[in-house]
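Remarks on the structure that follows.
Protein chains: 2
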Amino acid sequence: FVPSSSIRAPTHLSERINNKIDLESPKVATMETLPAGGKKVYCRCWKSATFPLCNGAHVKHNEEVGDNVGPLIVSVEK
Amino acid sequence: FVPSSSIRAPTHLSERINNKIDLESPKVATMETLPAGGKKVYCRCWKSATFPLCNGAHVKHNEEVGDNVGPLIVSVEK
Numbered sequence: 616f617v618p619s620s621s622i623r624a625p626t627h628l629s630e631r632i633n634n635k636i637d638l639e640s641p642k643v644a645t646m647e648t649l650p651a652g653g654k655k656v657y658c659r660c661w662k663s664a665t666f667p668l669c670n671g672a673h674v675k676h677n678e679e680v681g682d683n684v685g686p687l688i689v690s691v692e693k
Numbered sequence: 616f617v618p619s620s621s622i623r624a625p626t627h628l629s630e631r632i633n634n635k636i637d638l639e640s641p642k643v644a645t646m647e648t649l650p651a652g653g654k655k656v657y658c659r660c661w662k663s664a665t666f667p668l669c670n671g672a673h674v675k676h677n678e679e680v681g682d683n684v685g686p687l688i689v690s691v692e693k
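Residue numbers (my numbering), protein chains in the order written: chain A, 616 to 693; chain B, 616 to 693.
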């Protein structure tokens with residue numbers, strides 16, 4: 616039996632991946648166009664200050680919560 | 616005062632973004648090369664069965680936890 620008044624944060628809040636980027640948007644999809652020979656590093660941790668691009672914020676996130684997320688590096692043939 | 620024995624899941628577990636992809640890897644970074652004129656839709660919710668590509672799994676995730684994550688669509692100029 617779990618006492619209803621037990622001190623327990625609403626877990627669904629902590630299971631959100633995005634707590635920072637365009638929170639008023641119903642879905643944050645990003646469209647990018649790269650030129651031939653282009654290369655970009657994209658964020659997949661939703662913590663980057665330069666979202667949609669990676670700024671290394673995943674390192675701190677991974678350390679804090681024991682996660683292993685990392686960026687997507689897209690290169691384009693010349 | 617929060618009773619130490621209060622029934623409370625270890626929150627850091629629920630704050631992981633990735634609970635599924637290459638869990639033994641210290642950091643899941645992905646390198647992709649696209650041809651001129653190419654286009655791919657990449658997963659950013661870490662729930663896709665076709666990771667690193669998106670398979671729409673973010674829809675179910677967003678509904679379940681009230682999140683708003685979506686994919687990254689990368690197109691390359693011809």
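Note that beta-carbon positions come from the ideal geometry of N, C-alpha and C, so glycine has one too.
Report the residue from B:Ala-664, B:Asn-677, B:Asn-670 whose alpha carbon sits nearest the alpha carbon of Ile-688 (chain B). By one-based count along the second sequence, residue 688 (chain B) stands at place 73. The shortest CA-to-CA distance from Ile-688 (chain B) to any of B:Ala-664, B:Asn-677, B:Asn-670 is the one to B:Asn-670.
Lys-655 (chain B) lies in the beta strand (DSSP E); which residues open and close that run? What you label residue 655 (chain B) is simply residue 40 of the second sequence in a count that begins at 1. First-last of the beta strand (DSSP E) with Lys-655 (chain B): 654-657.
Using a Cβ cut-off of 7 Å, pull out every chain B residue sitting near Asn-633 (chain A), in sequence order please. Within the first sequence, numbered from 1, the residue matching residue 633 (chain A) stands at position 18. Ordered by position in chain B, the residues that pass the 7 Å Cβ test against Asn-633 (chain A) are Asp-682, Asn-683, Val-684.
State the start and end residues of the unbroken beta strand (DSSP E) segment that holds Ala-644 (chain A). The count along the first sequence starts at 1 and reaches residue 644 (chain A) at position 29. According to the DSSP assignment, Ala-644 (chain A) belongs to the beta strand (DSSP E) that extends over 643-649.
Within chain B, the residues that Lys-695 (chain A) reaches when beta carbons sit closer than 7 Å: There is simply no residue 695 (chain A) to check, as chain A begins at 616 and stops at 693 in what is shown.
At the level of alpha carbons, what is the spacing between Lys-675 (chain B) and Glu-692 (chain A)? By 1-based counting over the second sequence, the position of residue 675 (chain B) is 60. By 1-based counting over the first sequence, the position of residue 692 (chain A) is 77. Roughly 34 Å separates the two Cα atoms.
Alpha-carbon to alpha-carbon, Ser-690 (chain B) and Lys-632 (chain A): If you number the first sequence from 1, residue 632 (chain A) lands on position 17. If you number the second sequence from 1, residue 690 (chain B) lands on position 75. Lys is not the amino acid found at residue 632 (chain A); the sequence shown has Ile there. Ile-632 (chain A) and Ser-690 (chain B) have their C-alpha atoms some 25 Å from each other.
Could you check whether Lys-654 (chain B) and Leu-668 (chain B) sit closer than 8 Å to each other, using their CB atoms as the reference points? By 1-based counting over the second sequence, the position of residue 668 (chain B) is 53. By 1-based counting over the second sequence, the position of residue 654 (chain B) is 39. The Cβ atoms of Leu-668 (chain B) and Lys-654 (chain B) do not sit closer than 8 Å to each other.
Kindly indicate the opening and closing residues of the alpha helix (DSSP H) around Asn-677 (chain B). On the second sequence, residue 677 (chain B) is found 62 positions in, with the first residue counted as 1. Per DSSP, Asn-677 (chain B) belongs to the alpha helix (DSSP H) from 672-680.
Within chain A, partners of Ser-690 (chain B) - CB distance below 8 Å: To locate residue 690 (chain B), count along the second sequence from 1; it is residue 75. Neighbours of Ser-690 (chain B) on chain A, chain order: Met-646, Glu-647, Thr-648, Leu-649.
Do Val-643 (chain A) and Arg-659 (chain A) have their CB atoms nearer than 8 Å? The residue labelled residue 643 (chain A) in the question sits at position 28 within the first sequence. The residue labelled residue 659 (chain A) in the question sits at position 44 within the first sequence. Not in contact: Val-643 (chain A) and Arg-659 (chain A) (Cβ atoms no closer than 8 Å).
Roughly how many angstroms lie between the CA atoms of Lys-662 (chain B) and Ala-651 (chain A), to the nearest whole one? If you number the second sequence from 1, residue 662 (chain B) lands on position 47. If you number the first sequence from 1, residue 651 (chain A) lands on position 36. Those two C-alpha atoms are separated by around 30 Å.
Candidates A:Thr-648, A:Glu-639, A:Phe-666: which alpha carbon is nearest Pro-686 (chain A)'s? To locate residue 686 (chain A), count along the first sequence from 1; it is residue 71. Cα-wise, what sits closest to Pro-686 (chain A) is A:Phe-666.
Is there at least one Cβ from chain A nearer than 8 Å to Leu-638 (chain B)'s Cβ? As a position in the second sequence, residue 638 (chain B) is number 23, starting the count at 1. Interface flag for Leu-638 (chain B) against chain A is set, since a Cβ pair is found closer than 8 Å.
Helix, strand or coil, according to DSSP, for Leu-687 (chain A) in the structure here? Here residue 687 (chain A) corresponds to residue number 72 of the first sequence, with the count starting at 1. DSSP, read as helix, strand or coil, puts Leu-687 (chain A) in strand.
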